[in-house]
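Everything in the sequence shown is counted per the numbering used here, starting at 95 for the first residue and increasing by one.
Where a beta carbon is used, it is the ideal one built from N, C-alpha and C, also for glycine.
Predicted model only: the values in this text are computed from it and were never measured.
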Amino acid sequence: MGKILIVDDSSLIRNVASEAITAAGHTPIIASNGQEGLEKVMNETVDLIFSDVNMPIMGGMEMVEKIKEMSEFKFLPIVMLTTESSPELKEKGKALGAKAWLVKPFDKDKFTTVVKKLLG
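Right, here's the structure in full:
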């Protein structure tokens, strides 16, 4: 089915998300910061991205902005996966191109529901 990129500096979050993605029949792709995530998007076929906001090297917002600047990724769905949920930050994320916001901690069912909504 789909290839889903998880970009998060927390190995626990990457593992939980990977398990949920695999259980839903999709293939997880892992990156630990925005720079790695950007490289994965440019070198692999990715159908959906879940990204943390605050990470070392390159944060999620900067990664989203760089991805959305490239016309071939204009419609690639991106979900921000973070502990932060301020209206201002959500608005900034949406302005940059994020489709949804999932607040950590999350349960696997909610995560899987978001995947199904965005990938069908």
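Where residue i falls, given that 16 or more other Cβ within 10 Å makes a residue buried
i, result
"Thr116", "exposed"
"Ala189", "exposed"
"Phe169", "exposed"
"Thr176", "buried"
"Leu99", "buried"
"Ser165", "exposed"
"Pro181", "exposed"
"Leu132", "buried"
"Ile151", "exposed"
Opposing strand residues paired with residue i [DSSP bridges]
i, result
"Ile143", "Leu99, Ile172"
"Leu196", "Leu175"
"Pro122", "Ile98"
Residue range of the alpha helix (DSSP H) that includes residue i
i, result
"Pro181", "181-190"
"Gly131", "128-137"
"Leu109", "It is worth fixing the name first, because residue 109 is Asn in this sequence and not Leu. Where Asn109 is concerned, the enclosing alpha helix (DSSP H) stretches over 105-117."
Presumed contact (8 Å Cβ cut-off) between residue i and residue j, rounded CB distance
i, j, result
"Ala194", "Val209", "Incorrect: roughly 11 Å between the Cβ atoms, too far for contact."
"Lys198", "Met155", "Contact doesn't hold; Cβ gap of about 16 Å is too wide."
"Met149", "Asp103", "4 Å"
Are the segment 134-142 and the segment 107-126 touching, with three or more C-beta to C-beta distances below 8 Å?
yes
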